[in-house]
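Residue numbers (my numbering): 143 to 226. For each residue, glycine too, the CB sits at the ideal point set by N, CA and C.
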Amino acid sequence: MSARLVIEFSDNRSLIAVDSSLRPDNIKFPRGMKFSQRKKNNRLTISIEMDSGPKQLETLISTLDELVSHVYSATKTLEKAENL
Numbered sequence: 143m144s145a146r147l148v149i150e151f152s153d154n155r156s157l158i159a160v161d162s163s164l165r166p167d168n169i170k171f172p173r174g175m176k177f178s179q180r181k182k183n184n185r186l187t188i189s190i191e192m193d194s195g196p197k198q199l200e201t202l203i204s205t206l207d208e209l210v211s212h213v214y215s216a217t218k219t220l221e222k223a224e225n226l
């Protein structure tokens with residue numbers, strides 16, 4: 143089972159900031175989960191692959207939810223910082 147999250151940014155500076163903010167959290171995944179994070183052409187692509195099963199599906203959904211939450215927080219922080 144796999145999922146891919148693609149986020150497009152309006153500028154490379156924001157892409158680099160969000161990519162950097164996510165990297166420290168993206169370590170020590172559950173057994174059977176593979177994770178990759180790449181940036182290209184103002185897009186951040188996060189791919190997750192994992193073994194299939196009901197518990198694994200819940201883990202995948204939780205992981206995606208957490209990633210979206212972190213991306214949202216990082217982009218809101220950047221917006222606020224730009225308005226100072």
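- Relative to residue 224, the option among 201, 186, 153 and 143 whose CA is nearest is 153.
- A Cβ-Cβ distance of about 14 angstroms is found for the pair residue 209 and residue 181, leaving them out of contact under the 8 angstroms criterion.
- Across the structure, residue 169 and residue 176 are spaced so that their CA atoms are roughly 10 angstroms apart.
- Residue 150 is bridged by DSSP to 185.
- Membership of residue 220 in the alpha helix (DSSP H) is indicated by the continuous run 196-224.
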